[in-house]
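Peer 1:
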Amino acid sequence: MQHAITRTPLMVLKQQSRWISLSLLLACVPLMTSCYGYFPVTRAVYDLNGKINIGGSDEMPSKAAKTVAFWVFIFFPVYFFAGIADALVFNLVEFWTDKTLVLSYHAEKDGKSIALESQPGSKDATLTISRNGQVLDQRFFIKVSETRYEVRDAQGTVLGVIVKRADGKFVLQDTQGTTLTSLSGMTL
Numbered sequence: 005m006q007h008a009i010t011r012t013p014l015m016v017l018k019q020q021s022r023w024i025s026l027s028l029l030l031a032c033v034p035l036m037t038s039c040y041g042y043f044p045v046t047r048a049v050y051d052l053n054g055k056i057n058i059g060g061s062d063e064m065p066s067k068a069a070k071t072v073a074f075w076v077f078i079f080f081p082v083y084f085f086a087g088i089a090d091a092l093v094f095n096l097v098e099f100w101t102d103k104t105l106v107l108s109y110h111a112e113k114d115g116k117s118i119a120l121e122s123q124p125g126s127k128d129a130t131l132t133i134s135r136n137g138q139v140l141d142q143r144f145f146i147k148v149s150e151t152r153y154e155v156r157d158a159q160g161t162v163l164g165v166i167v168k169r170a171d172g173k174f175v176l177q178d179t180q181g182t183t184l185t186s187l188s189g190m191t192l
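So in our numbering the end of the sequence shown lands on 192, straight run, no missing numbers.
1. Is it buried or exposed for Ala158, if we count other Cβ within 10 angstroms and need 16 for buried?
2. Which one or two residues does DSSP pair with Val76 in a beta bridge?
3. So, Asn53 versus Ser66, is the Cβ gap smaller than 9 Å?
4. Quick one: what's got a C-beta closer than 6 Å to Val45's C-beta in the same chain, skipping five residues either side?
5. By the 10 Å Cβ neighbour count, where 16 or more other Cβ atoms means buried, how is Met190 classified, buried or exposed?
6. Could you pull the start and end residues of the alpha helix (DSSP H) that Ile118 belongs to?
7. Please report the straight-line C-alpha distance between Phe74 and Lys55, rounded to a whole angstrom.
8. Run the CB neighbour count on Glu112, radius 10 Å, all protein chains shown included, and call it buried at 16 or more, exposed below.
9. Mind reading off the beta-carbon distance from Arg135 to Gly115? Whole number of angstroms is fine, and I expect it under 8 Å.
10. Can you have a look at Glu150 and say buried or exposed, based on whether 16 or more other CB atoms are within 10 angstroms of its CB?
11. Check this for me: beta carbons of Arg156 and Val167, under 9 Å apart or not?
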């Protein structure tokens, strides 16, 4: 005499759990390609938080405002959604197209635009100035050491260097070594 075993949904799910787990794992593989992109949206939120300044030269109100803004960005998950957008959209686009998205872009009313783009697979960058879609000028920032970038024109001529000092400041020098300007890391 055979007894009929009724299969409950839990039993069926348990038997198929290996296949479900394997399917979910394979579905996630394209997202786990170990690529590390620039995360422009997260950086933009971080920069926005860092630029909050109240109280003029008094540092304490600005620090308090930055802290409150940070808490607001956490409570209303601004950083979370920025990170998700970067990881699932921008990072994958950069990885699969081998094209780094624009790091910075500024457009003027007269049609002139300035864009800073990093080069795929390197720490080099290109600054492009254009008007109405036509390139007017380009400058290339070539990393030559951990603390030094050369600024070159389209023909490869060195126009100057950017040096990162031990105190975190960036110094722009001409080819003779004369300092033209310096910026703190926070200004950048």
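Glycine is no exception: its CB is placed at the ideal position from the N, C-alpha and C atoms.
Peer 2: Let me lay it out:
1. Stepping through the sequence shown from its first residue, residue 158 is reached at position 154. Exposed is the call here.
2. The residue labelled residue 76 in the question sits at position 72 within the sequence shown. Within the DSSP bridge table, the entry for Val76 names no partner.
3. To locate residue 53, count along the sequence shown from 1; it is residue 49. To locate residue 66, count along the sequence shown from 1; it is residue 62. Result no, Cβ atoms of Asn53 and Ser66 do not sit closer than 9 Å.
4. Mapped onto the sequence shown, residue 45 falls at position 41. Taken in chain order, the residues that qualify are Ala86, Ala89, Asp90.
5. Residue 190 sits at position 186 when you count from the first residue of the sequence shown. Since pLDDT at Met190 reaches only 47, below the 50 mark, its modelled position is unreliable, and the value read off the structure follows with that caveat. Taking a 10 Å sphere around the C-beta of Met190, we find fewer than 16 other C-beta atoms and assign the residue as exposed.
6. Along the sequence shown, read from residue 1 onward, the residue named residue 118 stands at position 114. Following the DSSP letters along the chain, one finds Ile118 in no alpha helix (DSSP H) but inside the beta strand (DSSP E) bounded by residues 116-122.
7. Looking up residue 74 in the sequence shown gives position 70. Looking up residue 55 in the sequence shown gives position 51. Annotation: Phe74 to Lys55 spans about 12 Å, alpha carbon to alpha carbon.
8. Position 108 of the sequence shown, counted from the start, is the residue given in the question as residue 112. It counts as exposed.
9. Mapped onto the sequence shown, residue 135 falls at position 131. Mapped onto the sequence shown, residue 115 falls at position 111. Sure, about 5 Å apart at Cβ, within 8 Å.
10. Within the sequence shown, the letter at position 146 stands for residue 150. Glu150 is exposed by the Cβ-count criterion.
11. Counting from one through the sequence shown, the residue named residue 156 turns up at place 152. Counting from one through the sequence shown, the residue named residue 167 turns up at place 163. Between Arg156 and Val167, the CB-CB gap reaches or exceeds 9 Å.
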